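Numbering-wise (the numbering used here), the sequence shown opens with residue 229 and increments by one. C-beta: ideal position from N, C-alpha, C; glycine also. The model shown is predicted, which means the values in this text are computed figures rather than measured ones.
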Amino acid sequence: MRLRSLRLTLSASVLALAAAAVQADDKSVLLEGSPGAEDRRPMTAPTAAPSGRVVPLTSRFVLNGETLNYGQGPTLEALSLSGASRDWDLEISGTHPIRQSLHERAGGGLYTREQTGWYVQARTVDRRREVKVTRREAIDIYGFQLDLTVTGGCFFPEAEPGSYCTYTPSVEIDPDSINPDTLIPGGFIFGEDVGAEISAETHNALKAEGFQRGVAGGEEIVGLSLAVPNSGYVASEERSGQNSVERYESVDKRAIGGIYRFNQTLNSNADGASLARTTRGFIFLEGDEWTGKAAAAQLLSWILPSARAPLALTEKAARLSIGNNLFLAANNTRLPEKSLTAYHAGRGYVAHPQKPIRSAADTPSSIFNSFWIGFSPVRDIETTNSTRLVTTGPRESTLEGGYSFVQGGFDTPLAEGTSVYIVDEISQRISQLELANIEDLFIQTGIDLTRQDGLALYTSSEKSSYRYVPHLSFSGNLTTGTSVTRYYAGAILDDETNAYVGFDHSYRGQNGLSLLLRGEHYSRPDRDYYSNVEARLSKTIALSKGGKLTFGVGAREELDRAPSTEESVTLNDNDRTIDLVASYQTTAGHSYALSHRLVQAEDGSDDESTSIGFSYRASDNWSFSSQITPFSNEDAYIAARAGFSWRQASRPGSPVLGVQWASIKYDYGEDQFGNSLRDREDTLLVSYKMQF
């Protein structure tokens with residue numbers, strides 16, 4: 229789970245339907261310091277404009293996901309995510325303007341404004357992220373103890389008369405070789421071979437009470453002694469109440485940043501206005517990310533031409549009242565998420581209105597097209613599975629009398645009808661040797677079967693390693709007063725190129741109707757970049773007492789996303805999602821929401837959940853939100869959350885503190901005895917953003 233996915237918002241957020249992208253109002257922008265709607269002055273030399281005279285919308289731009297304005301000071305943002313089931317996850321990002329300038333000139337029927345700036349930006353990103361899921365299962369571990377010696381007078385032709393031999397190999401399990409995770413032996417200690425001559429003292433020492441292998445402290449060791457703590461295990465139904473599952477997420481961060489130059493030229497004449505902007509950046513990649521493609525992308529970013537959008541001089545005076553949609557279209561450009569810009573050049577146009585504007589629908593539309601080169605994160609996923617056994621009780625015998633041991637010679641039943649098989653190393657023939665034919669035969673045999681309480685720990689790990697690769701993208705959009713239509717195509721230049729095309733259309737009407745349609749297709753889909761379609765529709769009704777009632781429906785389908793591991797359970801990780809939502813907002817700042825979600829998980833199961841939300845906005849600087857999910861059978865869902873946001877002061881750039889607690893539940897199904905395997909994670913997300 230990424231940090232971004234835990235910026236938990238109420239399911240009713242689908243009601244917004246990309247309204248943020250349609251930010252047109254029914255006014256035009258009157259440029260800074262302009263005495264009126266027209267400029268009849270003769271052409272003048274460029275003059276610097278103080279930042280306080282610049283309308284923020286006209287100088288606003290987006291750099292790697294952060295919105296910046298001309299004259300703005302350094303910014304710093306920190307997000308901290310903590311919990312008992314994860315590493316402390318800290319994201320820090322900041323931008324520092326090195327130099328900013330804005331010059332304008334007017335006259336001769338043309339107004340021109342040049343905005344430039346140098347910026348340094350840095351942030352922390354994931355280097356590696358690993359999710360481990362450990363399933364604990366109570367088991368019964370079975371083992372055995374096998375002891376055996378067979379010695380007596382040598383029966384081999386080459387043996388000296390009266391000598392003694394061992395008729396079993398000398399083999400013992402090396403106790404240091406027992407794998408602590410599996411309890412299975414990995415090595416043996418070997419002594420005398422079958423048929424080896426031994427001393428009479430060794431032979432007689434075996435006749436002492438209990439299982440013996442030779443003279444105490446002697447060099448001759450005979451017989452088999454196999455102590456195997458684990459010859460197999462089975463799940464224990466009696467102790468299945470101990471079965472459980474635990475999820476743990478660890479992360480390793482790295483810093484990445486760059487230095488950027490931004491240039492924007494705004495032109496206006498009597499007929500319309502144009503905007504051209506170019507961003508160039510040098511990204512500080514890590515050593516293994518500097519491939520030939522990366523070097524070429526960095527080089528191109530500084531030699532490709534800047535965007536230009538010239539306008540012709542007109543006989544009429546230039547108009548300084550420019551439609552908002554020109555600036556909105558420039559920032560409505562679709563830029564790859566979580567990516568770093570090396571080069572971005574685009575231009576847009578808008579016509580000046582020819583009649584008074586009475587509503588957002590009357591504002592002139594604007595088209596903005598751009599080309600982008602940058603670096604986007606891709607990940608290599610490594611999955612591993614392991615099993616570890618942990619003993620939780622003593623090793624006990626399953627035989628009625630415990631360890632069974634017998635020793636003796638001719639006068640015991642051990643010698644009756646018993647034989648051993650000997651392999652001739654030269655002829656490779658197997659010979660059968662009757663023990664009754666061996667003089668002074670002595671046999672020891674002992675056996676025990678054991679059982680031990682234990683736990684089997686089945687661990688599934690998904691480790692994601694991230695790296696940045698070159699990415700090319702073309703994007704354009706048509707922005708009107710009520711809608712935004714975006715179209716884009718690009719290619720992620722990894723070892724295998726992943727090309728894509730996409731579009732989205734969002735609409736927000738004055739009648740309260742909002743709509744979003746979106747679709748993307750990738751040539752080589754993976755876990756992060758995959759084909760999908762989405763549609764959302766909502767309707768807001770204004771009530772007589774000033775309240776608002778909103779109903780909405782949304783659907784999303786993942787068409788070809790690469791499957792995850794069986795144990796990978798993540799929030800919002802479904803093949804198909806349908807949201808039904810309703811909300812009520814009062815004039816006092818209270819909001820109530822009800823949502824019902826229908827999903828189809830990756831395994832094909834159909835799940836659903838119901839959530840209830842409440843939020844309160846006490847002022848422009850203080851708000852509170854909460855949510856509970858009383859019913860859900862999804863694999864992963866937010867059971868409850870609560871948080872607040874506080875702005876220190878009302879002025880722009882004031883520090884903003886956000887705190888949110890969330891309880892997340894994960895469902896891993898049932899064990900073989902029908903016991904539920906579920907885990908719960910409580911997280912605390914703290915964010916702080918300030919502008920110097």
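Below 8 Å on the Cβ atoms is my contact criterion, and I expect residue i with residue j to pass it. Report the Cβ-Cβ distance as a whole number of Å.
i	j	result
aspartate 696	leucine 905	The residue you asked about is not aspartate; residue 696 is tyrosine in the sequence shown. Actually they do not touch by this definition, with Cβ atoms about 37 Å apart.
lysine 521	glutamate 610	With 8 Å as the limit, lysine 521 and glutamate 610 do not qualify as a contact, their Cβ atoms being about 24 Å apart.
alanine 810	threonine 778	7 Å
leucine 677	leucine 411	15 Å between Cβ atoms; not a contact.
alanine 864	glycine 841	No, alanine 864 and glycine 841 are not in contact; Cβ-Cβ is about 18 Å, not under 8 Å.
threonine 377	threonine 362	44 Å between Cβ atoms; not a contact.
aspartate 732	serine 759	14 Å between Cβ atoms; not a contact.
glutamate 400	serine 453	5 Å
serine 711	tyrosine 750	Actually they are not in contact, since the Cβ atoms of serine 711 and tyrosine 750 sit about 26 Å apart, beyond 8 Å.
alanine 433	glycine 442	6 Å
aspartate 907	glutamate 474	6 Å
Per DSSP, residue i forms a beta bridge with which residues?
i	result
leucine 309	Asp317 and Leu913
lysine 360	Tyr476 and Ser689
proline 325	Tyr347
threonine 678	Gly371 and Ser625
valine 290	Thr295
asparagine 861	DSSP, once it has assigned bridges, lists no residue as partnering asparagine 861.
alanine 334	Tyr339
serine 534	Per DSSP, none; premise fails for serine 534.
alanine 684	Glu365 and Leu617
valine 634	Thr673
threonine 814	DSSP lists no partner for threonine 814.
phenylalanine 852	Tyr844 and Phe872
For the alpha helix (DSSP H) containing residue i, list its first residue and its last residue.
i	result
glycine 520	520-531
asparagine 802	Asparagine 802 -> no alpha helix (DSSP H), and no H or E assigned at all.
serine 287	284-287
phenylalanine 555	552-559
asparagine 432	428-433
Quick one, which of the options has its alpha-carbon nearest residue i's?
i	options	result
threonine 838	Ile856, Thr710, Thr352 and Pro389	Ile856
serine 587	Asn559, Pro564, Gly551 and Ile595	Gly551
serine 878	Tyr844, Ile449 and Met918	Met918
glutamine 492	Val827, Arg341 and Gln373	Arg341
arginine 825	Gly780, Glu319, Phe702 and Arg351	Gly780
asparagine 861	Lys893, Gly299, Trp874 and Ser529	Lys893
arginine 607	Glu786, Ala558, Gly630 and Arg357	Arg357
glutamine 813	Val827, Asp803 and Ser843	Ser843
serine 689	Ala444, Glu748 and Ser614	Ser614
serine 693	Phe633, Ser464 and Val353	Val353
serine 478	Thr295, Ser313, Ser915 and Ser882	Ser313
serine 519	Pro698, Arg755, Gly704 and Tyr339	It should be noted that the sequence gives threonine, not serine, for residue 519. Among Pro698, Arg755, Gly704 and Tyr339, the Cα nearest to that of threonine 519 belongs to Pro698.
valine 359	Val797, Gly636, Pro605 and Leu627	Val797
phenylalanine 384	Asp317, Leu663 and Pro883	Leu663
arginine 489	Glu465, Ser534, Gln470 and Arg467	Ser534
threonine 815	Gln828, Lys773 and Asn802	Lys773
lysine 566	Val761, Ile417, Ser398 and Gly485	Gly485
histidine 818	Glu437, Arg875 and Phe852	Phe852
Residue i lies in the beta strand (DSSP E); which residues open and close that run?
i	result
histidine 824	818-828
serine 594	594-619
proline 457	452-463
isoleucine 511	500-511
aspartate 895	884-898
serine 734	725-736
lysine 583	Segment: none, lysine 583 is in no beta strand (DSSP E) and carries neither H nor E.
glycine 747	741-750
isoleucine 412	Here isoleucine 412 belongs to no beta strand (DSSP E), and DSSP marks it neither H nor E.
isoleucine 769	760-770
glycine 782	776-786
glutamate 400	399-401
If you measure from the beta carbon of residue i to each beta carbon in chain D, is any gap under 8 Å?
i	result
alanine 664	In the structure shown, chain D does not exist; there is a single protein chain.
Touch test, the segment 353-373 against the segment 670-683, Cβ-Cβ under 8 Å, three pairs minimum: yes
Please confirm if the segment 344-358 is in contact with the segment 316-327, defined as three or more CB-CB distances below 8 Å between the two stretches. yes
At least three beta-carbon pairs within less than 8 Å, the segment 305-313 to the segment 283-292: no
Is the number of C-beta pairs between the segment 492-505 and the segment 530-546 that are closer than 8 Å three or more? Touching, per the Cβ criterion.
Please confirm if the segment 590-604 is in contact with the segment 556-572, defined as three or more CB-CB distances below 8 Å between the two stretches. The segment 590-604, when compared against the segment 556-572, does touch it at the 8 Å Cβ threshold.
Three or more C-beta pairs below 8 Å linking the segment 574-583 and the segment 500-509: yes
Could you tell me whether the segment 383-396 touches the segment 419-427, where touching means 3 or more Cβ pairs closer than 8 Å? With a cut-off of 8 Å, the segment 419-427 and the segment 383-396 count as touching, because enough Cβ pairs lie within range.
Counting Cβ pairs, one atom from each stretch, are 3 or more of them under 8 Å apart for the segment 552-564 and the segment 709-720? Because the criterion of three Cβ pairs below 8 Å is met, the segment 552-564 and the segment 709-720 touch.
Counting Cβ pairs, one atom from each stretch, are 3 or more of them under 8 Å apart for the segment 883-898 and the segment 909-916? yes
Closer than 8 Å is the cut-off here; do at least three beta carbon pairs connect the segment 704-713 with the segment 663-670? With a cut-off of 8 Å, the segment 663-670 and the segment 704-713 do not count as touching, because too few Cβ pairs lie within range.
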